[in-house]
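Chains as they are written, first to last, in our numbering: chain A, 1 to 278; chain B, 1001 to 1278; chain C, 2001 to 2207; chain D, 3001 to 3244.
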Amino acid sequence: MTALIELRAVDHVYGDGGYGLRGCSLAIHAGRRHALLGANGAGKTTLLLHLNGLLRPAAGTLHWQGAPFDYSRAGLAALRRQVGLVFQNPDRQLLSAHVEEDVSFGPLNLGLDEATVRRRVAAALDAVGMREHAQRPVHHLSFGQKKRVCIAGVLAMEPAVLLLDEPMAGLDAPMQEELEELLGLLAAGGVTVVVSTHDIDFAWRWADDFHLMAGGACIGSGPAAALAAQSELLRAAGQRPPLALALHEQLAARGIVPREPVPRSVDALLRTLNLETA
Amino acid sequence: MTALIELRAVDHVYGDGGYGLRGCSLAIHAGRRHALLGANGAGKTTLLLHLNGLLRPAAGTLHWQGAPFDYSRAGLAALRRQVGLVFQNPDRQLLSAHVEEDVSFGPLNLGLDEATVRRRVAAALDAVGMREHAQRPVHHLSFGQKKRVCIAGVLAMEPAVLLLDEPMAGLDAPMQEELEELLGLLAAGGVTVVVSTHDIDFAWRWADDFHLMAGGACIGSGPAAALAAQSELLRAAGQRPPLALALHEQLAARGIVPREPVPRSVDALLRTLNLETA
Amino acid sequence: MHIMEGFLPPAHALGWTVVSLPFVAWGTRVIGRDLRAHPERRMLLGVAAAFTFLLSALKLPSVTGSSSHPTGVGLGALLFGPMAMIPVGFVVLLFQALLLAHGGLTTLGANVFSMAIVGPFVAFGVFRACVGVGLGRAFAVFLGACLGDLTTYVTTSAQLAWAFPDAVGGFTASFVKFAGIFALTQVPIAISDGLLTMLAANAMQRL
Amino acid sequence: MQIEAAAQASRWRDATPTAKALFALAGMTAAACARQPATLAALAGALALVTLLAARVPVRLYLAVLLPPLGFLAVSTLTMLVAVDFNGPHWNPAALPLASMTALRALAMLAALLALTLTTPLPQLLGLLRRLRVPEPLLDLMALCYRMLFVLRQAWDEGLAAQSARLGYSGTRVAWRSLGLLTARLAVQVWQRAAALDQAAQARGYAGTLSFLPAVYPQARRQNTCAAIAGTLLIIAVLAGERA
């Protein structure tokens, strides 16, 4: 199966000569939930900016459904219609101080008629649960609400791929749960979701595929279960094994819980323990 | 024993009439590691700003070693010499061009002579492991390094109390570990450390005392072990019980691990399991 | 110090609007052309306007007391050029009228003339002249920002004197009165603005 | 920014800005036409009452917003009442009629402006300016300025707090130094934030024009009619008052 997006040996060089990406190759397959894992400075954000065509590689190529990225004006417009990017900091993304106006920015750039834009804006605000705040000024919103407006602004463009840079950063536990649920719904609705994170427990709970980043390269890519078991590889990407997995291994080895299913969260493990005890 | 800082029924009212704190009472005792736990919007940051005299209560009083806060210019200077505050976002705190220059900001404002300032800056940079970066421009540092420079900037004022607002936010796992170690060293050196966080697993691993915040009030204050067991109270503060504790309870109930000691982290629990297995 | 809403007689309000309008149109045309060549500067002008508004509307702690003051205009003229400060200054003054009730809509023309046209060009001209005759850069920045401020107040005083000439001494006496009253408050502010602009420019060179 | 907060909370918030602008315009026209102090005083009072009672703007807030312009008014009208000649400055009662007319007209016009700004959030006013065909570059400048105002202000406030926490404002000398650093830091951020915004806009298909969905006001026609009638009545009342 052709990957939706593929990077082949991509280099990115900063203005000061440092490398943002170095020989980075990876493939994003359609309809799956992808977690981009790595320490700060590993190149996660730079990679996301490449996927959306905001940066051009110094060497190597990117491909959309097998065809090389077209960096012409029309080509970029077509790419960005398909690949939406939500930045980490809402304050750098929100252009209008008015929620509904900001969400309408992307769809209007697609050249849609007003009625369609209105429909899409309403649907996107519904999807993120911000419909009732449509008329509010952005600076009256909480951080978590701003984040959701950012996501709505990209969803309203109805992209095939949704990229999110550190979406959980700055959110507290209840807000993280809500966002996790939203991302799950979007993925279930057919959107390919790519999330950069340095929280492996969240990645393990949520993602189908892991892409491990270190030093500007992707050092491992594949189904989460396959990669989470390789502790050497994880360590190279600045990660420890997921807690749920490490615990399960210990408990399963002692016969306290069954070998299968492997739990995706410590909570799931706790539930299994409760069942076993009961 | 007189508390180092004490809040008695403190209210804080925002410009728009909303309450930031509402009848908040709590005591910070010297020489202990304090975690301020609560959801976003619970009033953690507002509380920290009060502890340092940056905000004045609309009602209620604050006390330093039993005496009411003195909000005169000289009184505030004396208070801030004793109580240092590290803000969440390093980019907002770091205003000078070079690391050394920024760290010297506080000591210079104390009116110390140049030799003393130099000594303190060097010691503070040593403490956070940034001595070798002393001459670097601030904007070339990584996020984690900036955070450490912020801490050095406050340490150089040699405060008795160090307040940190969400110090772990935005740090990846290895950097979080380093910072945790640094905070431990500072506390061991006699500084009273108060950390606001919404990560209860970190708080449980690190803190001696918990202060649970909800709706602008402190709904529970005391030794971590006593509070971590009260799941109702935790839930009211938007927290679940610490994972290590929940797991330990399950495993101890089944006789897999001993009842004592109660582990402070899942890693510690894993180590116990390994020992038990071996 | 801006002239408040409705303070100028209708004929004067209209007159200053007619005087300022071509400048604003000219400035807008110039930046419009510039934006077609460099679309990325659209955001820069927007953020610069917000920065200018902030500086000119903020109450600075323990330095200048609680008066509003045009620091942003002097610094803005040095950073972005006096030409850009016509539309930027226009937007800032409009926002001050709408968001802070400083100045007004009927007096917008008069205030734009003093603060978005005279002030920035004087600040920039003085700065250039000082650098040209070999004075130190820091001093040039100080003097530019300071005189930019002062001429803004002098212009405002002249506008008021022209609208309300003294019954006996006419324009001159009235100008002396207004300039004298405003000088009491505005000269210290102009000096602080010059100082702050200089400190900021120095610090910016190091950042 | 009390005006901003009042506009967001006003009962007239969701009414079309055209109607509110029409009404304010009528108020200003009436003030420009009026020739007698009593008429102007009544007009100012009426406009203030409409804002306070019909649009339900809190009185305290109204007075707080009024305070700075009143300061200007006091200084300027007193200046007009002083004459300067070879005997030095002295009290000149002859200027009283002109001074009081000027002050009352300014108050009436200010009341008209406040009737608009205290009930209309700025984005609505920008939408109105767009319909009035204000040039594109100015409109973009305004939209971005309004958005970034709050972002930069937060950065400024946080920087100020961080400096204060480290005693950056404990003396005059250090206060100047701190303020210079903070201003410089924010000035540098102007370029960084502009570049970041540009990149984020491009990610959403920005091609050089900032377009946003215009707001809809379902009851615009009725509201405009009401405002036009009220405005006409206001002007007629002022003119009639002058004759009587």
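Glycine residues also receive a C-beta, built at the ideal position from the N, C-alpha and C atoms. Bear in mind that the values here come from a model prediction, so they are computed numbers and not experimental data.
Look at the alpha carbon of residue i and the alpha carbon of residue j, and state the distance between them as a whole number of angstroms.
i	j	result
Ser-25(A)	Ala-77(A)	24 Å
Ala-228(A)	Leu-2199(C)	54 Å
Ala-1003(B)	Leu-1047(B)	16 Å
Ser-2067(C)	Thr-2185(C)	Residue placement at Ser-2067(C) is poorly supported in this model, since its pLDDT is 47, which falls under 50; the coordinates still yield a value, given next. Taking the straight line from one Cα to the other gives about 9 Å.
Ala-1173(B)	Leu-2195(C)	45 Å
Gly-1170(B)	Glu-166(A)	9 Å
Tyr-14(A)	Gly-20(A)	6 Å
Thr-3252(D)	Val-103(A)	Coverage of chain D is limited to positions 3001 through 3244, which leaves residue 3252(D) absent and any answer about it impossible.
Ala-27(A)	Ala-224(A)	14 Å
Ala-2203(C)	Cys-1150(B)	19 Å
Thr-2017(C)	Glu-2005(C)	13 Å
Gly-18(A)	Cys-3145(D)	34 Å
Val-1154(B)	Thr-1272(B)	38 Å
Leu-1247(B)	Ala-1035(B)	22 Å
Pro-2061(C)	Gly-190(A)	Per-residue confidence for Pro-2061(C) stands at a pLDDT of 45, beneath the threshold of 50, marking its modelled position as unreliable; the derived number appears in the next sentence. Pro-2061(C) and Gly-190(A): Cα-Cα distance of roughly 54 Å.
Ala-237(A)	Gln-3002(D)	50 Å
Ala-42(A)	Gly-215(A)	5 Å
His-12(A)	His-63(A)	16 Å
Ile-2003(C)	Ser-2157(C)	10 Å
Decide if residue i is buried, meaning its Cβ has at least 16 other Cβ atoms within 10 Å, or exposed.
i	result
Trp-3091(D)	exposed
Asn-3224(D)	buried
Ser-142(A)	exposed
Arg-73(A)	exposed
Asp-3140(D)	buried
Arg-254(A)	exposed
Ile-3236(D)	exposed
Ala-3015(D)	buried
Pro-1068(B)	exposed
Glu-132(A)	exposed
Leu-49(A)	buried
Val-3059(D)	exposed
Thr-1045(B)	buried
Thr-2152(C)	buried
Trp-206(A)	buried
Gln-1065(B)	exposed
Asp-1113(B)	exposed
Quick one: measure Cβ to Cβ for residue i and residue j, integer angstroms, because I've assumed they're closer than 8 Å.
i	j	result
Val-161(A)	Thr-192(A)	5 Å
Leu-1094(B)	Leu-1212(B)	About 31 Å separates the two Cβ atoms, so there is no contact after all.
Ala-2013(C)	Gly-2119(C)	Between Gly-2119(C) and Ala-2013(C) the Cβ distance is about 20 Å, and since that is not below 8 Å, they are no contact.
Gly-60(A)	Ala-97(A)	Contact doesn't hold; Cβ gap of about 40 Å is too wide.
Gly-2032(C)	Leu-2055(C)	Contact doesn't hold; Cβ gap of about 25 Å is too wide.
Ala-1156(B)	Pro-1107(B)	5 Å
Thr-2106(C)	Gly-2076(C)	That pair is no contact at about 25 Å.
Ser-265(A)	Ala-244(A)	5 Å
Arg-3193(D)	Met-3142(D)	Contact flag wrong, Cβ pair sits at about 17 Å.
What does residue i touch in chain B if you count any residue whose Cβ is under 7 Å from its own?
i	result
Arg-2206(C)	Ala-1097
Val-3174(D)	Asn-1109
Leu-3181(D)	Leu-1095, Ser-1096
List the residues of chain D that residue i touches, going by C-beta distances under 9 Å, in chain order.
i	result
Ala-77(A)	Gly-3205, Ala-3207
Met-1130(B)	Near Met-1130(B) there are no residues of chain D at all, since even the closest Cβ is about 17 Å away, more than 9 Å.
Met-1157(B)	Arg-3166, Leu-3167
What residues from chain C crowd round residue i, counting only those whose CB sits closer than 9 Å?
i	result
Pro-3214(D)	Those within 9 Å of Pro-3214(D) in chain C number zero; the least Cβ separation is about 19 Å.
So residue i contacts chain D; which residues on that side make the cut at Cβ distance below 8 Å?
i	result
Arg-148(A)	In chain order: nothing, as chain D lies at least about 16 Å away.
Gly-1153(B)	Arg-3166
Asp-1016(B)	Ala-3005
Along chain D, in chain order, which residues have C-beta atoms closer than 7 Å to that of residue i?
i	result
Asp-91(A)	Val-3151
Run the proximity test for residue i: is its beta-carbon closer than 7 Å to any non-hydrogen atom belonging to the ligand GTP?
i	result
Leu-3160(D)	Ligands in the displayed structure: none, and consequently the ligand GTP is not present.
Which residues in chain B sit within 9 Å of residue i, going by Cβ to Cβ distance?
i	result
Ser-142(A)	Asn-1040, Gly-1041
Q: Enumerate, from N- to C-terminal direction, the unbroken alpha helix (DSSP H) stretches of 4 or more residues contained entirely within the region 1090-1174 of chain B.
A: 1090-1093, 1099-1103, 1105-1109, 1114-1127, 1143-1155
Q | Complete runs of the alpha helix (DSSP H) confined to the region 1198-1228 of chain B [at least 4 residues] | A | 1200-1206, 1224-1228
Q.
Quick check on the DSSP output: what are the complete alpha helix (DSSP H) runs of length 4 or more inside the region 3096-3121 of chain D, in order along the chain?
A. DSSP runs (the alpha helix (DSSP H)) wholly in the region 3096-3121 of chain D: 3096-3117.
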